[in-house]
Structure formats: structure tokens, C-alpha cells
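Student: Structure below; questions to follow.
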Amino acid sequence: MTRHYDEDLKHLREGLTAMAGQVEWMLELTIRALLERRDDLADRVSALDASVDEQELKLDKACIDLLALGAPVAKDLRLVASALKIVPELERIGDHCCNIARRAKLLNGQPWILPGDAMTRLGTETKAMVRQAVDAFVQGDASMARSVISADDLVDGLYMEIYRELLRLMLSDPLCIERASHLILVAKNWERIADQATNIAEEVLFILEGRNVKHPHLQDPA
């Protein structure tokens, strides 16, 4: 029983890491599809989504089986409980990538209207947050997880910078409204991905330290 239990925990970790790796690849393709104006990369993002959904179902079942048959305790229990939360966060990141890829195809072939490199920075910072959140899980690194949580404010600021600039463009040139609307939704999807990376980092801290860091204003001061 112990051998099978340990193997099941190992397979859960490996499966979660593999799913995260695929989602990271979707993120990379998504950034390139948008910034390089490449429909073929956008199509590859959409094609990968079914595999991510399938992995979500398999990992959900693995978690339920471990809870029902393995009766994990202490850190093992925290791992399984957190995996049940991390897996849907990864699946949602995949969904957001698909949303961005679809809008990239609508924008490709039209003049780029957003000045500066804010969208590039937003995509790059968001991808880095996801990478760090995954690394924090794989390496068991609490400090790295905290860095992810701290980085969320930067991404929020970049999103607002883009939002304000696109709003200004829409007000000054009605011909930009459709493209600007798509870009605002692209930026919002990036911002949501950063939120998901933050949620994953919070779960990593729970696994490592047994402490819930969400909603600190509601926590017991003790």
C-alpha cells in the first residue's frame, strides 16, 4: 500500500508538472502569434487546448483516488488539496491563451495601433509569472512563490497603462474602436493569467508552509 501510495503521489506531481509545461508552451505560442502576426501559431494554441482539458480530467481523478484510497495527511494532504486547485488554474490559463489566439487572428493583417512596447512587456511579465509559479511548485521554493505574488501589481499596472492608451485612441479615432476593443480584451486575458499564476503561487506556499496566505486581512493576527 505504501509503495503504491508513494508512486501515486509521484505520478500526481509529474502529471501536474507536465500539464504546466504544456500550458507554458501555449503561452509562448500565444505571445508569438500576437506579436509576430502569425495565424499558424494561433491555430497551434487552439489545437493544444483539448490536450490540456484531458490532462485536467486525469489529474482530478488522480487527486480523488488519492484522497479516497490513500488517506493522505500533513504535507501530502496539502499537496493533493492544492493540486485540486492548481489544475483548474492551469486549465483556465489555457482557455485564456485560446481567447488571445482567436483575437490575434482577427487582428492579424490589420495595422497595429498600440504605440510602444507595453503589450510585449505585459505578455513577457505574465509568462515569467507563470514560469516562476511552476518552478516554485517543482522546486519547493517558497521565496520564488512570494516573488510571483509580488509581481502581480506590476502586471496590473501594465494592464491599466494599455487600457488607458487604447481608450484614448478610441475616443480620438472611431476607426480604431474595433481593433482597440480586441486589444483591451487581449490585455485583460493576460492580466487574468497573471492572477491565475498568483493563485498557483499561493497554493505552493500552502503546500510548503501549511499557511493560507489568501485574504491576509481576514487572517487571525496570531
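Per the numbering used here, numbering through the sequence shown is continuous, rising by one, with the last residue being 222. Glycine included, each C-beta is placed from N, C-alpha and C at the ideal position.
Enumerate in chain order the residues of its own chain whose CB-to-CB distance from residue 232 is below 6 angstroms, with the five nearest sequence positions on each side excluded.
Tutor: Any property of residue 232 remains undetermined from this structure, which presents the chain solely from 1 to 222.
Student: Taking 9 angstroms as the cut-off, decide whether the C-beta atoms of residue 87 and residue 56 are in contact.
Tutor: yes
Student: Give the C-beta separation of residue 152 and residue 95 to the nearest angstrom, bearing in mind that I take them to be a contact with Cβ-Cβ under 8 angstroms.
Tutor: Incorrect: roughly 19 angstroms between the Cβ atoms, too far for contact.
Student: Among 204, 36 and 99, whose alpha-carbon lies nearest the alpha-carbon of residue 81?
Tutor: 204
Student: Is the distance from the Cβ of residue 123 to the Cβ of residue 35 below 9 angstroms?
Tutor: With contacts defined as CB atoms closer than 9 angstroms, residue 123 and residue 35 qualify as a contacting pair.
Student: Relative to the C-alpha of residue 79, which residue among 15, 172 and 163 is closest?
Tutor: 15
Student: Is the CB-CB distance between residue 24 and residue 134 below 9 angstroms?
Tutor: yes
Student: Hey, how far is the Cα of residue 65 from the Cα of residue 90?
Tutor: 20 angstroms
Student: Could you check whether the segment 183–200 touches the segment 152–167, counting it as contact only if at least three pairs of C-beta atoms, one from each stretch, sit closer than 8 angstroms?
Tutor: yes
Student: Which parts of the segment 130–170 are runs of the beta strand (DSSP E), unbroken and 3 residues or longer, counting only runs that do not cross its ends?
Tutor: none
Student: How would you call residue 179, buried or exposed, if buried means at least 16 neighbouring beta carbons within 10 angstroms?
Tutor: Residue 179 counts as buried, since no fewer than 16 other beta carbons sit within 10 angstroms of its beta carbon.
Student: Can the beta-carbon of residue 114 be found closer than 9 angstroms to that of residue 169?
Tutor: yes
Student: With 16 as the cutoff for other CB atoms within 10 Å, does residue 139 come out buried or exposed?
Tutor: exposed
Student: With DSSP as the reference, label residue 109 as helix, strand or coil.
Tutor: coil
Student: Under 9 angstroms between the Cβ atoms of residue 101 and residue 33?
Tutor: It is a contact, given that the beta carbons lie within the stated cut-off.
Student: Can you name, in chain order, every residue of its own chain whose Cβ lies under 7 angstroms from the Cβ of residue 210, other than the five neighbours on each side?
Tutor: 78
Student: Unbroken beta strand (DSSP E) runs of length 3 or more, entirely within the segment 52–80: which are they?
Tutor: Those beta strand (DSSP E) runs which fall completely within the segment 52–80 and span 3+ residues do not exist here.
Student: With 16 as the cutoff for other CB atoms within 10 Å, does residue 112 come out buried or exposed?
Tutor: exposed
Student: Would you kindly work out how many angstroms separate the C-alpha atoms of residue 197 and residue 21, rounded to a whole number?
Tutor: Roughly 13 angstroms separates the two Cα atoms.
Student: Name the residue from 148, 158 and 188 whose alpha carbon lies nearest to the alpha carbon of residue 201.
Tutor: Among 148, 158 and 188, the Cα nearest to that of residue 201 is on 148.
Student: Assuming residue 136 and residue 144 are in contact, meaning their beta carbons sit under 8 angstroms apart, how far apart are those beta carbons, in whole angstroms?
Tutor: 4 angstroms
Student: Where does residue 127 fall in DSSP's three states?
Tutor: helix
Student: Classify residue 203 as helix, strand or coil using the three-state DSSP reduction.
Tutor: helix
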